[in-house]
Every structure is written in C-alpha cells, then in structure tokens.
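Q: This is the structure I have questions about; it appears just below.
Residue numbers (the numbering used here), protein chains in the order written: chain A, 7 to 799; chain B, 26 to 225.
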C-alpha cells in the first residue's frame with residue numbers, strides 16, 4: 007500500500023507546483039524549477055535514511071529527524087529512539103514531524119526577484135542571480151558611501167537557528183558586513199528583551215539550576231511558563247518538567263490560560279489577569295513577611311535591599327522591598343485583598359499559595375518569558391528571584407533562583423568567524439522604527455548604546471530568515487507606513503523560503519534553501535546533555551535557491567572582499583575548520599571524519615547542576631557580578647537609571663507592581679474591555695509553519711474567549727468574530743473555552759498578517775492590534791499588553 | 026481469539042502536542058481532513074465571580090485515539106462487502122482496499138471516528154496498527170513518535186496486567202458497545218461515570 011500512496015502524493019505535489027508556477031507571480035523560468043517527482047512506471051527506488059536535526063527556533067531542542075529518502079525525495083520522517091537516563095530520546099515534535107509540508111510547499115520561493123509595484127504591495131518579477139547580486143552590492147556601496155555604515159541594519163531574525171547558517175543573533179551575513187565597514191547592531195530579543203535586561207540587576211548573571219534538576223524538587227511553581235506548547239520536542243526542556251511531575255513533585259501553574267502544560271502536569275491551575283503577576287508576588291511576600299515565614303538568615307547573608315537595615319548606601323528611607331510590601335512608603339500594604347482586586351486571584355488562594363511555597367523545601371520557582379512581554383516586563387523578572395531568595399531556595403538542589411531553567415555548559419563549538427564590527431552603536435531590537443524615522447535624535451535614555459548619538463538614520467535593512475519586519479513586530483500598521491516610505495529606508499533585502507508578510511516589503515527578494523537541503527552542524531547542550539551533530543543535506547537543493555553562504559560569497563566578489571570572506575574555503579572546508587579549531591581547545595572533541603561517520607553523538611552522563619552554588623558556599627569569595635557582589639533586591643544601578651532617564655516610577659530599583667497602560671486598571675477598559683494576549687502556540691514556531699496545512703489541522707488559528715465573555719456577546723464556538731482597538735481590526739474564527747480566564751482573550755502570535763482591501767487582517771495576526779510602545783528599561787516589546795473589543799461578525 | 030493487539034495511552038500526562046497525529050499522517054501520507062490518529066480535548070468545570078476575583082474548578086485533558094481494534098468492532102459488522110475485517114492472528118481491524126466500495130457505513134458506525142473516507146480514492150482508510158512496521162519488527166509510528174513516550178502497545182491483556190488503565194474516560198463512547206482494545210491512564214477525575222470506566 008505504501009509505495010502507491012507515496013507516488014500518488016508526489017505526483018500531486020508536482021501538479022500543484024506546476025500550477026503555482028503558472029499563476030504569474032513566479033512565472034518566467036519554470037523550466038528551471040526542480041520538482042519532486044517519482045515515476046509511477048519505475049520500480050520503487052531503495053529507501054535511505056538520513057539523520058538530520060530540526061533547525062527551528064523553538065528555544066532549544068535541535069531534535070532528531072530521521073529522513074527517509076527515496077528517489078531524491080523525502081518520503082517520510084522518523085525520529086530518535088535512543089533513550090538514555092540522562093538524555094531522553096530526542097524525538098521531534100509535531101512541527102518537526104510535519105516538515106515535509108514545508109519542504110515541498112508549493113509556495114516556496116523559487117528564484118530571485120525584484121520589486122515592481124509599490125513597496126509592500128507584494129508585486130515582484132523574476133531576475134537572474136547576477137542582477138540580484140549587482141543590485142544589492144550597488145546599494146550597499148552607495149548607502150555606505152552616502153550615509154556611513156551605521157545606516158546599515160542587520161534586522162532581528164530567528165528563522166534559521168542552525169549553528170552554521172544561523173540568522174540569529176549573528177552569522178555569515180555579519181562576517182561579510184564586518185568586512186565592509188560594519189553595521190548598526192541590535193541588542194535584546196523579541197522573546198526575552200525585558201528578561202535579559204532585568205535579571206542581571208538582581209542576580210548579576212548568577213545561573214539557575216539545570217532543568218534536569220527539577221526531578222529533585224518537591225514543589226514546582228510555574229509563572230507564565232508553558233514549555234509543553236513551546237519547548238516540547240524530546241530534545242527540549244519540557245521533558246524534564248514531566249519527569250519531575252512523574253517523580254512526585256507537586257506542580258502549580260499560574261497563567262491566564264489553562265495551558266497544555268497545566269493540563270498535563272498541574273495539580274493546581276491559578277488563573278491570573280495578564281500584566282498583574284508582580285502584584286501577586288508582592289502579596290505572596292506580604293503573607294510570608296507578616297506570618298514570619300521568610301528566610302531572614304538567607305536574606306541577611308546574601309541579599310541587598312530586602313529590609314531597611316540592608317539598603318545600599320544612598321538609598322532613601324522606606325525604599326526597601328519589605329517597606330514597599332508593608333506599605334511604609336506609599337501607605338498601601340500589598341495584602342492578599344489588595345492583590346485580589348488587581349489580579350483576580352482570590353485572597354484565600356494567595357494566602358494558601360504563600361504558605362505552601364514558604365513551607366515546602368525545596369521549591370522550584372520558574373518564570374516563563376510570557377510575563378515579561380508586557381508594558382513593565384522588567385518588574386516580575388526580578389520579583390520571582392526575590393521570592394526565591396525570601397524562601398532560601400537559591401543555590402539549593404531541587405530549588406533555584408526564580409529565573410528560567412538553566413542548561414549545562416560544555417564544549418563550545420567554534421563558529422563561523424565573524425570578525426569585529428567597526429560600528430559600536432546598537433539599538434534595542436524592537437526600536438528600529440525609531441532608528442528609521444529619527445535615529446540621529448536617539449540618546450541613551452531612548453535605549454541607544456555604544457555611542458552618544460547615531461550619525462545616520464537606518465537607510466538599508468538586511469533581513470535574512472526573519473519576519474519581524476512586519477509580522478512579529480508591534481503595531482503592524484505603524485511599521486508598514488514607515489517601511490513603505492522609500493525616502494526613509496532606501497533599500498530592503500529579504501532572503502527567505504516563503505513570501506512572508508515581511509518579504510512583501512523587499513526590494514530584492516532571494517530564495518533560501520531549507521534545512522533539509524543543507525549540511526547542519528553544531529552542538530546543543532541546553533537540556534539533554536551535550537550533543538554534537540553533523541548532518542548532511544538529505545536531498546539536492548530545490549529550485550533556483552542559494553544558501554546564505556553562497557549569497558554572501560557572491561556579494562563579497564562584487565564588493566571586492568571575496569578572498570577575505572572565503573579565505574579560500576568551501577562551506578564544507580569551513581565546517582572542517584570549525585571542528586579543527588574546536589579540537590584545539592578541546593582535544594576530546596570528535597574529528598571531522600568521525601563526525602561524518604557518526605552524524606549524531608550524544609554525551610556521556612552528566613549530573614544536574616545547581617546554579618549559584620559557589621556563591622551560596624562563600625558569597626565573599628565568589629561574588630556575583632552586581633555592584634555589591636550580592637543578590638540586589640534593591641538595585642542602585644536601576645535607581646540611578648530611573649532617575650537619569652526620568653522614569654523613576656516606571657523603572658523602580660525594587661520589583662514593584664506598575665499598572666500597565668493597557669491593563670485591567672486602565673480607563674481604556676471602558677471602551678475595550680478584554681485583555682488580549684498572544685501565546686506561543688504549538689502549531690507554529692513563532693511565525694514559521696503558519697502556512698503548513700498539517701499544522702492548521704493541529705490547531706486552527708483562532709481567538710479563544712471564555713464561555714462567559716462569549717455568551718455576553720452572543721458568540722458561539724466556531725463563529726467568525728471581529729477583534730478591534732484603535733490600532734487595527736482582525737476577522738478570525740472564535741473558539742469558546744472554559745480554559746481561559748474571563749476578561750482575557752487569546753490570539754496566538756505568529757499568524758501571517760493578511761490585510762483585505764480595507765486593511766482588515768483576515769488571518770488573525772495579533773500584531774495588527776498590538777502597540778509599538780517599548781518597555782522603560784529594556785526598550786523591549788510589550789506584545790501581551792492589549793485592550794480590545796470582540797463582536798460576532 | 027488467541028491474541029489481541031491494543032494501545033495503552035497515558036492520558037494523565039498528555040499535553041496534546043499531537044505529534045502522534047502528525048507522525049501517523051506522515052507515515053500514511055494523508056491529506057488534510059483525514060486522521061488515522063487524533064488527539065481530542067475534553068474540558069469541564071465552571072467559573073464563579075467572587076468580588077473582583079474568579080473562582081474556578083475548570084479542568085481539561087487530552088486523549089490520543091486511533092482505531093481501537095475493538096473486540097466487537099461495529100465497522101466490521103456493518104461493512105457490506107467484507108472489506109473491513111479483523112485479522113485473525115492479532116485482532117487488528119483492517120480494510121482491504123480492493124473490496125472497499127466507499128459506502129462509508131463503517132464511518133457512520135464507528136463510535137471513535139476511526140475509519141477515514143478518502144474522497145480521492147473513493148475508499149476508506151484507517152489505522153492498520155502500522156502493519157508494515159510490525160512486520161519489520163518495529164513499533165507503530167505513534168508509539169515511536171510521542172516525545173514523552175506516553176503511548177504503548179502490545180497484547181491488550183498483558184498491557185492491562187502490566188499498566189492497568191481504564192477503557193473509558195469522559196469524552197469517549199460507552200466501551201460496552203464495541204469493547205475497544207484500548208487502556209487509558211485516566212487524568213484525575215476523568216472516570217467517575219455510571220460505566221466506571223471499566224466497561225463492566
């Protein structure tokens with residue numbers, strides 16, 4: 007039965023691909039298109055199995071995909087079956103298992119193109135690779151000469167996370183740009199801007215316990231953390247959460263949604279209003295302080311700023327965390343009743359939770375990244391480590407410091423050599439629209455780093471494997487206006503495998519190769535122990551595509567730096583060089599020949615690690631990288647920054663609840679009564695897989711409303727609804743559920759913005775209505791901070 | 026019957042990722058709309074407003090279901106051509122494409138939505154317990170796919186002895202009708218029903 011089905015399916019693909027080529031957008035050289043076909047007349051070719059890894063940015067993993075190849079076509083995908091106690095089988099998730107639908111998708115970009123309509127209109131014409139290279143090189147040369155290298159922006163993009171070809175944070179493109187004078191850098195990420203900004207102020211880079219240490223916890227409390235829908239492949243972190251549950255830990259999940267993590271492992275789900283987590287944590291602290299449940303000895307020894315007697319020099323009276331919680335400074339004690347009215351969590355629940363966290367040792371407090379993508383995301387990031395300190399769980403087996411779960415460090419693979427960027431300036435990854443419209447006016451308080459001011463606004467964008475130009479950025483309608491103005495950004499280069507909403511704004515659009523068409527190499531040690539892989543492409547590259555190395559090499563030729571760029575090496579020779587360089591530092595690292603024979607090598611057993619253990623053992627000798635060397639619940643650096651930037655109320659030195667501009671206490675709630683969040687949905691990795699039909703079948707793009715909110719609006723499950731606020735309008739299907747808090751709506755992030763003739767997004771991209779309003783400290787993206795109204799269409 | 030193959034699904038820990046569903050689809054090359062294995066959600070409970078807070082007892086769970094290769098299969102009974110049959114040696118319910126006329130009686134009869142009509146071929150397809158993989162000495166693809174190893178298979182009596190489990194949780198049809206070769210580790214609170222989940 008199988009060969010018949012396979013052949014039929016391939017023939018269908020070629021039919022679809024043929025039709026796609028004839029519709030006009032990609033017309034021109036359809037003879038060049040390589041289409042996967044298997045002849046029905048021919049005897050079945052033998053099946054070979056090529057081990058490969060997943061190169062998606064789910065946040066870890068690189069799970070194993072064993073590709074069955076017949077006649078040059080990937081016909082099936084299997085996965086890892088080697089199960090080791092310290093390294094569970096790294097089985098691909100639903101997204102990885104559906105990769106054939108992406109590889110052979112009829113909408114793959116097949117040849118280079120240039121824009122022929124207005125920018126953003128999506129009208130393109132095929133061109134030759136030489137014309138593409140000539141145009142790009144001429145624009146690079148012209149813009150650098152006219153405006154300087156600061157005018158070149160390498161855009162935030164995380165679509166390719168394979169270690170060699172990666173688009174984030176830097177890779178092959180950055181080597182080329184560095185060799186022609188550099189480019190404007192960005193800092194932070196759309197995933198974790200406030201987290202990476204704020205956590206070091208309290209912990210000074212102190213690491214958390216490795217995720218596999220969770221099996222030693224008695225109580226695990228997850229705040230805004232949902233790894234079962236994000237990091238769920240067998241190579242991802244969630245594996246250990248489940249093992250901890252199966253080992254007997256009690257699990258409590260705090261989330262506006264009854265997430266799949268909560269469904270699968272929670273003993274208790276505590277729903278909470280988005281943007282209010284800090285109020286909950288303040289009230290938990292209130293209960294612990296007033297009932298004397300906190301670990302005063304730990305706080306005295308390891309922390310700064312918990313109480314008045316441990317404030318750093320220069321801090322004003324009543325500025326300690328304890329004073330804030332008890333209301334000494336503002337007259338508002340942060341009681342469970344106070345928090346109930348803000349968070350929607352019953353006061354009794356808060357009291358019970360505080361006693362349970364304080365009374366259970368060890369307790370592992372984990373934060374996800376969801377809660378820091380809001381208006382004042384810098385606050386809860388520091389609040390949970392404060393709670394971890396108050397309960398003495400830091401540096402303890404089965405406990406942790408209240409940040410993200412940690413990984414294990416081991417051999418670091420030498421990557422593609424980037425050289426040095428002569429441009430020292432950088433902006434927050436989220437703030438490029440400001441750097442386009444008034445970059446030269448940005449100062450430190452606006453998030454500019456490395457220089458006092460920029461010499462030029464952004465004039466060219468290089469966007470390789472990314473969709474934050476439009477789709478993943480805040481307030482798409484705002485971004486569109488800026489990008490469409492050709493007098494602002496003069497040239498946009500996009501290199502991708504699909505016509506994404508961002509790709510539509512390209513001036514030159516280059517077709518990339520996908521992971522299965524190239525040799526991936528790297529190591530992954532985030533959660534399953536060290537793993538090294540060298541997995542060759544499983545099939546010949548499809549269509550007239552080029553990978554990023556070849557694109558940069560050809561551009562280097564046009565720009566006169568080819569020898570410097572390639573150093574005479576082919577890509578395979580570069581990979582061999584990386585292995586040899588790694589072996590110079592770590593002689594036990596396998597040779598290139600060994601890697602070729604064993605494409606995936608797993609680690610030997612390594613025990614779980616306890617973060618900050620040396621600091622806990624001797625805080626005088628092993629200081630943290632904070633000014634005091636201690637855990638800074640009160641950060642004098644943040645106090646100064648808040649003063650200098652005129653943001654003292656929004657960026658306080660201790661973690662406070664700061665009401666969000668579009669939160670449950672906003673006056674705008676009269677007009678737009680629902681808080682809209684956009685969780686990371688299991689059917690996509692960010693915006694990747696949105697066009698994958700098997701993933702749409704896994705979970706149709708839809709807004710979810712609580713049954714009470716739906717009933718008030720006469721909405722039934724499956725109805726089409728309109729979602730709107732002052733920034734935009736969306737039409738999408740509505741799912742009615744019990745599994746979301748009343749007053750909260752959820753539209754999973756990552757759907758491809760698809761405006762109709764009136765500008766209404768008919769696919770359901772949340773960024774059609776999110777706000778471009780950078781957070782005060784990180785200047786990060788607050789994309790879970792939205793008030794909207796919903797009505798039946 | 027000497028031997029009956031069946032599945033054991035640890036639904037208590039299932040996060041509904043649907044990797045089993047997709048791996049199954051990949052193996053069988055199924056078009057959108059046809060699923061030999063699917064993962065379904067069940068929600069229950071209520072919300073009560075208390076002052077400015079919400080009190081809830083809502084809970085939800087996922088269950089991965091394929092053909093359950095029932096001991097008393099409704100699909101086999103209603104098939105007019107004998108295409109749908111129960112394989113003697115291991116109790117696997119299979120459809121013979123040469124004899125299937127696409128009448129879809131089985132589609133209507135099955136309480137688990139297991140037989141899937143393929144409009145292109147005009148015939149019904151379904152989970153065949155990965156007969157080709159079994160013949161090669163491999164496990165069914167869903168068993169090998171679950172990233173958390175929550176699906177097991179084997180002779181159903183042995184599976185039950187080894188792992189226990191119920192044959193019913195809320196959301197599934199009454200098991201007394203077809204006697205599914207399925208055992209489930211039930212999510213908390215999911216089996217308190219008149220049929221007690223044991224099918225007796």
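All C-beta atoms in this analysis are idealised placements derived from N, C-alpha and C, irrespective of residue type, glycine included.
The structure presented is a predicted model; accordingly, all values stated were derived computationally and were not measured.
In the DSSP output, which residue or residues are listed as bridge partners for residue 480 of chain A?
A: Per DSSP, none; premise fails for residue 480 of chain A.
Q: So, at 8 Å on beta carbons, what are the nonlocal neighbours of residue 455 of chain A in its own chain, with the 5 sequence-adjacent residues on each side left out?
A: 193, 431, 432, 433
Q: Listing by chain order, which chain E residues have their CB less than 7 Å from the CB of residue 39 of chain B?
A: Any reference to chain E falls outside this structure, whose protein chains are A and B.
Q: Just confirm the distance between the C-beta atoms of residue 304 of chain A and residue 395 of chain A, as a whole number of angstroms; I'd bet it's less than 8 Å.
A: 6 Å
Q: By Cβ distance below 6 Å, which residues in the same chain neighbour residue 167 of chain A in space, the five residues on each side in sequence not counted?
A: 61, 63
Q: List, in chain order, every chain A residue whose beta-carbon is nearer than 8 Å to that of residue 65 of chain B.
A: Here the premise fails: no neighbours, minimum Cβ distance about 12 Å.
Q: Taking only runs that begin and end inside the segment 529-566 of chain A, name each unbroken alpha helix (DSSP H) of 4 or more residues, in chain order.
A: Fully contained in the segment 529-566 of chain A are the following alpha helix (DSSP H) runs of length 4 or more, in chain order: 554-564.
Q: Among A:552, A:696, A:171, A:736, whose alpha-carbon lies nearest the alpha-carbon of residue 424 of chain A?
A: A:171
Q: Report buried or exposed for residue 706 of chain A, applying the criterion of at least 16 other Cβ atoms within 10 angstroms of its Cβ.
A: exposed
Q: Where does residue 34 of chain B land, buried or exposed, given buried means 16+ other C-beta within 10 angstroms?
A: buried
Q: Tell me the residue span of the alpha helix (DSSP H) that contains residue 579 of chain A.
A: 577-591
Q: Please report the distance separating the alpha-carbon of residue 639 of chain A from that of residue 386 of chain A.
A: Between the alpha carbons of residue 639 of chain A and residue 386 of chain A lies a gap of roughly 12 Å.
Q: Where do the N-terminal and C-terminal ends of the alpha helix (DSSP H) with residue 391 of chain A fall, by residue?
A: Start and end: 384-396.
Q: Apart from the five residues on each side of it in sequence, which residues of its chain come closer than 6 Å, Cβ to Cβ, to residue 272 of chain A?
A: 257, 259
Q: Could you give the first and the last residue of the continuous alpha helix (DSSP H) run that contains residue 518 of chain A?
A: Here residue 518 of chain A belongs to no alpha helix (DSSP H), and DSSP marks it neither H nor E.
Q: Write down the C-beta distance between residue 409 of chain A and residue 369 of chain A rounded to the nearest angstrom, noting that I regard them as a contact closer than 8 Å.
A: Residue 409 of chain A to residue 369 of chain A, Cβ: 14 Å. No contact.
Q: Give a yes or no on whether the C-beta atoms belonging to residue 127 of chain B and residue 147 of chain B are separated by under 7 Å.
A: yes
Q: Could you list which residues in chain A have their beta carbon closer than 7 Å to that of residue 68 of chain B, in chain order?
A: 743, 744, 745
Q: Quick check: is the beta carbon of residue 86 of chain B nearer than 7 Å to any beta carbon in chain A?
A: yes
Q: Hey, could you find the ends of the alpha helix (DSSP H) residue 167 of chain B is sitting in?
A: 166-170
Q: From residue 31 of chain B to residue 192 of chain B, what does the alpha carbon distance come to, in whole angstroms?
A: 11 Å
Q: Please state whether the Cβ-Cβ distance between residue 94 of chain B and residue 117 of chain B is less than 7 Å.
A: yes
Q: Give the residues of chain B in contact with residue 103 of chain A, contact being defined as C-beta atoms less than 8 Å apart.
A: 44, 47, 48, 51, 170
Q: With a cut-off of 8 Å, do at least 3 Cβ pairs link the segment 714-729 of chain A to the segment 110-122 of chain A?
A: no
Q: Among the residues of its own chain, which have a CB less than 6 Å from the CB of residue 100 of chain B, if the five just before and after it don't count?
A: 109, 131, 134, 135, 140
Q: Run through DSSP, which three-state label would residue 173 of chain A get?
A: coil
Q: For the segment 407-458 of chain A, which segments carrying the alpha helix (DSSP H) assignment without a break, of at least 4 residues, lie completely within its bounds, in sequence order?
A: Segments of the alpha helix (DSSP H) lying fully in the segment 407-458 of chain A: 438-444.
Q: Would you mind giving the Cβ-Cβ distance between residue 198 of chain A and residue 378 of chain A, rounded to the nearest angstrom? I have them listed as a contact below 8 Å.
A: With a beta-carbon spacing of about 7 Å, residue 198 of chain A and residue 378 of chain A fall inside the 8 Å limit used to define contacts.
Q: So is residue 566 of chain A buried or exposed if we call it buried at 16+ other beta carbons inside 10 Å?
A: Answer is exposed; the Cβ neighbour count stays below 16.
Q: In the DSSP output, what is residue 606 of chain A paired with across the bridge?
A: A:539
Q: Looking at the secondary structure, which residues open and close the alpha helix (DSSP H) in which residue 101 of chain A lies?
A: 100-103
Q: Taking only beta-carbon positions, decide if residue 77 of chain B is within less than 7 Å of chain A.
A: yes
Q: In the DSSP output, what is residue 708 of chain A paired with across the bridge?
A: A:739
Q: Any C-beta of chain A sitting closer than 7 Å to the C-beta of residue 173 of chain B?
A: Yes, residue 173 of chain B counts as interfacial toward chain A.
Q: Here's the rule: buried if 16 or more other CB atoms are within 10 angstroms of the residue's CB, otherwise exposed. What is residue 121 of chain B?
A: Of the residues assessed, residue 121 of chain B falls on the exposed side of the cut-off, its CB having fewer than 16 other CB atoms within 10 angstroms.
Q: Could you give the DSSP three-state label for residue 314 of chain A: helix, strand or coil?
A: helix
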